[in-house]
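Chemist: Here you go, one structure.
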């Protein structure tokens, strides 16, 4: 794989992304929502807990899961618990952004019928796939990590350094920096596979968006069970997700053959 | 191995049980403009895709500049340029960015890229719009930009698939002019088109295709009823030559012409049917070879020549002849027109 060719693909993809207002909005808006919502809801949950006391068994169960929170007041404990739920939802960012970019990129090329001229140039399909994958994953990860940094900084200012520390514990670090990229890879691969079969980026995103269900279910399971996944579970999830992503990449690479694109992609 | 720009031997491609193209044999010399004509689904695009290493053949071989299209696919792609059926530009990139992307894929140095982009944009009169988004271009401008894209790496062989399809007459004219300028630059060009007039004006040779290469020849050869199917087989047909004379041709003039080899159907013009003109008409098989001989024989036998006109079949006649069917005015298709006589003396077959 020649780096100069891959980077040419990446540069073109980035130029196109920057000029697609709808796509830019779909990249910019979710991080804003996912930064502001945890702070707002975390603060409100703490406020609500100070008005209406929580069942002691719930408090005991949470502290059993997270002994480092034993020194928190009830309001802080509820805020910390709420913030922790958002880790799972925060993983939606590296899932959603690469999915949007990959689907727009491939379906866009199908609609413009630009792939035939590209494939007639001396570019390997692995270089084209590599460039497209990179240009989908990198903005997703950059957005995700930037949003995380902003969240940590704002949390320190808005809800105080004690609670902001929750966002820096190993589960968040494993989630954001290990599981996040793995989710980004799977999401991008899903975008490529689905896009090869449909001609409308919105349809591709709706189908590819199913990847968000397992992420949302983490939050639901935690909320219903009254417990929290820790760093080991996130690391394990990252390993499994990476394996799924690599397997999916092989499928995507097969779909990205010259003949397949020209004769079967419709 | 010859120094042919393109050599094709028994090329075929099957999709499932269906052969899209089969048994194509052809050789194109360097700098030749070759037109590939045929109805939709005739296999033109499939053939071009095989020659550009986009899809592999199911049987046979092809070489571009001596490089086999399957074994040396990357090297072949570096030597060819293609204008696809639709321009396939990136509408959100400027004209310059579109060209620069493809120049990068061909690994041209930055200085060479800048130089070539300026050269081709000036050639196709796009330089003033170089910073505009391709999406804002008219169809003709898009087509010109796509041709510039196909040429940015100075390929030795260029494939142009329907370059003037869906263009208004003005845009089509501009694109044809651009192709003519490529021809002047000595590039080998394969032109897929439905436009017979365009093929006749631009191409050195034309190949009629429907699943296989049915007939190949220069426009003049084809209209004259010559040409081959790539394996050397000729076909009947010919030209009608009408020689206008000051007086009615005498028996000695008609005899002199009739004695020439390759000349048939020698007859004096029917003065009433010919608008009062006097002279003779005859059938030729090779216009370039036979017409001067006819004139020489007429003059030698004492005939005083006022003028000479040749009448051949139009390329459209030849096309329907080769394809074996001609649509009627009500849309129906009449088969086996090849057996009908469209080229009798003074038949209204159009001027050559």
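Chains as they are written, first to last, in the numbering used here: chain A, 235 to 500; chain B, 31 to 382. No residue lacks a Cβ here, since even glycine has one placed at the ideal position from N, Cα and C.
Distance check for residue 315/B and residue 244/B, CA to CA, integer angstroms please.
Modeler: Whole-angstrom Cα-Cα distance: 20 Å.
Chemist: So is residue 304/A buried or exposed if we call it buried at 16+ other beta carbons inside 10 Å?
Modeler: That one is exposed.
Chemist: Under 8 Å between the Cβ atoms of residue 424/A and residue 362/A?
Modeler: For residue 424/A and residue 362/A, no; Cβs fall outside 8 Å.
Chemist: At least one CB of chain A closer than 8 Å to the CB of residue 127/B: is that the case?
Modeler: It does: the Cβ of residue 127/B has a partner Cβ on chain A nearer than 8 Å.
Chemist: Mind pulling the chain B residues with CB within less than 7 Å of residue 369/A?
Modeler: Those do not exist, as residue 369/A stays about 13 Å from chain B at its closest Cβ, beyond 7 Å.
Chemist: Scan the stretch 333 to 349 of chain A for residues whose Cβ lies nearer than 7 Å to a Cβ of chain B and list them as they occur along the chain.
Modeler: Residues 346, 347 and 348.
Chemist: In terms of residues, what are the limits of the alpha helix (DSSP H) holding residue 293/A?
Modeler: Note, residue 293/A: alpha helix (DSSP H), 290 to 299.
Chemist: Return the CA-CA distance between residue 286/A and residue 310/A, expressed in angstroms with no decimal places.
Modeler: Using only the alpha carbons, I get a separation of about 14 Å.
Chemist: For the candidate residues 294/A, 438/A and 335/A, whose alpha-carbon lies nearest to that of residue 259/A?
Modeler: The candidate whose alpha carbon is nearest that of residue 259/A is 335/A.
Chemist: Could you give the C-beta distance for residue 121/B and residue 165/B, rounded to a whole number, given that I count them as a contact under 8 Å?
Modeler: Between residue 165/B and residue 121/B the Cβ distance is about 3 Å, and since that is below 8 Å, they are a contact.
Chemist: If the cut is a Cβ gap below 8 Å, which residues of chain B does residue 250/A touch?
Modeler: Ordered by position in chain B, the residues that pass the 8 Å Cβ test against residue 250/A are 120, 122 and 123.
Chemist: Please list, in chain order, all residues of the same chain as residue 176/B whose beta carbon is under 8 Å from its beta carbon, the five residues on each side excluded.
Modeler: Correct list, in chain order: 113, 114, 117, 118 and 119.
Chemist: So is residue 498/A buried or exposed if we call it buried at 16+ other beta carbons inside 10 Å?
Modeler: Exposed: under 16 other Cβ atoms inside 10 Å.
Chemist: With distance defined between alpha-carbon atoms, name the residue in 488/A, 243/A, 352/A and 315/A nearest to residue 458/A.
Modeler: The shortest C-alpha separation from residue 458/A is found at 315/A.
Chemist: Tell me whether residue 341/B is buried or exposed, calling it buried when 16 or more other Cβ atoms sit within 10 Å of its Cβ.
Modeler: Buried is the call here.
Chemist: Could you tell me which uninterrupted beta strand (DSSP E) segments, each at least 3 residues in length, are contained entirely in the stretch 165 to 208 of chain B, listed from first to last along the chain?
Modeler: DSSP runs (the beta strand (DSSP E)) wholly in the stretch 165 to 208 of chain B: 187 to 191.
Chemist: Run through chain B and tell me which residues come within less than 7 Å of residue 238/A, C-beta to C-beta.
Modeler: Simply 137.
Chemist: Since residue 261/A meets chain B, which of its residues come closer than 9 Å, beta carbon to beta carbon?
Modeler: Residues of chain B passing the Cβ test: none, with the nearest at roughly 15 Å.
Chemist: Can you tell me where the alpha helix (DSSP H) holding residue 345/B begins and where it ends?
Modeler: Taken as a continuous stretch (DSSP letters only), the alpha helix (DSSP H) holding residue 345/B covers 345 to 353.
Chemist: In angstroms with no decimal places, state the Cα-to-Cα distance between residue 278/B and residue 308/B.
Modeler: Whole-angstrom Cα-Cα distance: 5 Å.
Chemist: Confirm, please, whether the CB-CB distance from residue 231/B to residue 275/B is below 8 Å.
Modeler: No, the Cβ-Cβ distance between residue 275/B and residue 231/B is not below 8 Å.
Chemist: Looking at the C-beta of residue 310/A, does it have a partner C-beta in chain B at a distance below 8 Å?
Modeler: Output row for residue 310/A: interface = no.
Chemist: Which residues, in chain order, does the stretch 157 to 173 of chain B contribute to contact with chain A at a C-beta distance below 7 Å?
Modeler: Cβ contacts with chain A: none found.
Chemist: Which residues does DSSP list as the beta-bridge partners of residue 233/B?
Modeler: According to DSSP, residue 233/B bridges with nothing at all.
Chemist: What does the alpha-carbon distance come out to for the pair residue 99/B and residue 465/A?
Modeler: One C-alpha to the other measures close to 54 Å.
Chemist: Determine whether the beta carbon atoms of residue 373/A and residue 445/A lie at a separation below 8 Å.
Modeler: Not closer than 8 Å, so no.
Chemist: First and last residue of the beta strand (DSSP E) that includes residue 272/B?
Modeler: It spans 269 to 275 - the beta strand (DSSP E) in which residue 272/B sits, taken as one unbroken run.
Chemist: Establish whether the CB of residue 154/B and some CB of chain D are separated by less than 8 Å.
Modeler: The structure shown contains no chain D; the protein chains it does contain are A and B.
Chemist: Let me know if residue 440/A comes out buried or exposed under the rule of 16 or more other beta-carbons within 10 Å of its beta-carbon.
Modeler: Counting Cβ neighbours within 10 Å, residue 440/A comes out exposed, since fewer than 16 surround it.
Chemist: By the criterion of Cβ-Cβ separation under 7 Å, what are the contact partners of residue 132/B in chain A?
Modeler: Here the neighbours are 355.
Chemist: Nearest to residue 325/A by alpha carbon, out of 357/A, 376/A, 433/A and 437/A?
Modeler: When each option's Cα is compared against that of residue 325/A, the closest is 376/A.
Chemist: Counting C-beta neighbours from all protein chains within 10 Å, is the total for residue 436/A 16 or more, i.e. buried, or is it exposed?
Modeler: Per the 10 Å Cβ criterion, exposed.
Chemist: In chain order, what are the residue ranges of uninterrupted alpha helix (DSSP H) at least 4 long that sit wholly in the stretch 90 to 166 of chain B?
Modeler: Runs of the alpha helix (DSSP H) inside the stretch 90 to 166 of chain B: 103 to 109, 125 to 135 and 140 to 153.
Chemist: How about residue 241/B: is its C-beta nearer than 8 Å to some C-beta of chain A?
Modeler: Taking Cβ atoms only, chain A never reaches closer than 8 Å to residue 241/B, which makes this a no.
Chemist: Figure out for me which residue from 60/B, 317/B, 352/B and 157/B has the closest Cα to the Cα of residue 234/B.
Modeler: The candidate whose alpha carbon is nearest that of residue 234/B is 60/B.
Chemist: Using a Cβ-Cβ cut-off of 8 Å, state whether residue 351/A counts as contacting chain B.
Modeler: True, the Cβ-Cβ gap to chain B drops below 8 Å.
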